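Residue numbers (my numbering): 17 to 133.
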């Protein structure tokens, strides 16, 4: 993995609440890293992607959104639920999202569901 790709955090999400999230493949040449991004101040999945793509482009990295959904994040209960889909990008692989989230939140209970929007 390249140095630029190594520097990209696996997870950047809002500290609490219910918000949209996306999975992004970030690439530097042949190296690819999949990351989770979700922010409560973004109305649409595309808003999240646009914000993050600008950051990746500044580091000369390519980005592709591979799906989205929602995250319910309750830090007091150490709980997350990953569910739903993005109308624009399709449904993210929530099991992959869960594995990535567990790297930052190993002490959380993280549930996934294909229900809900």
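Backbone N, C-alpha and C fix where the C-beta goes; we use that ideal spot for every residue, glycine too.
If you're wondering where the values come from, they're calculated on a predicted model, not measured in any experiment.
(message) My assumption, with CB atoms under 8 Å, is that residue 53 sits in contact with residue 38. Please give the rounded CB distance.
(response) Taking the chain shown and counting its residues from 1, the one referred to as residue 53 is at position 37. Taking the chain shown and counting its residues from 1, the one referred to as residue 38 is at position 22. So it is a contact: roughly 6 Å between Cβ atoms.
(request) May I ask you to list the residues that DSSP assigns as paired with residue 37? (result) Stepping through the chain shown from its first residue, residue 37 is reached at position 21. Paired residues: 54 and 85.
(message) Quick check on residue 17: does DSSP put it in helix, strand or coil?
(response) Indexing the chain shown from 1 puts residue 17 at position 1. The DSSP-derived three-state label of residue 17 is coil.
(request) Find the nearest neighbour of residue 80 within the set 68, 97 and 90, judged by alpha-carbon distance. (result) Stepping through the chain shown from its first residue, residue 80 is reached at position 64. The option with the nearest alpha carbon to residue 80 is 68.
(request) Could you tell me the distance, in whole angstroms, from the CA atom of residue 27 to the CA atom of residue 65? (result) Here residue 27 refers to the residue found at position 11 when the chain shown is read from its first residue. Here residue 65 refers to the residue found at position 49 when the chain shown is read from its first residue. Approximately 14 Å, taken between the alpha carbons.
(request) Would you mind working out which of 70, 86 and 18 sits nearest residue 127, comparing C-alpha positions? (result) In the chain shown, residue 127 corresponds to position 111, counting from 1. Selected option, being the one with the closest Cα: 86.
(message) Does residue 44 come out as helix, strand or coil in the three-state DSSP assignment?
(response) On the chain shown, position 28 is the one that residue 44 refers to. Strand, per DSSP.
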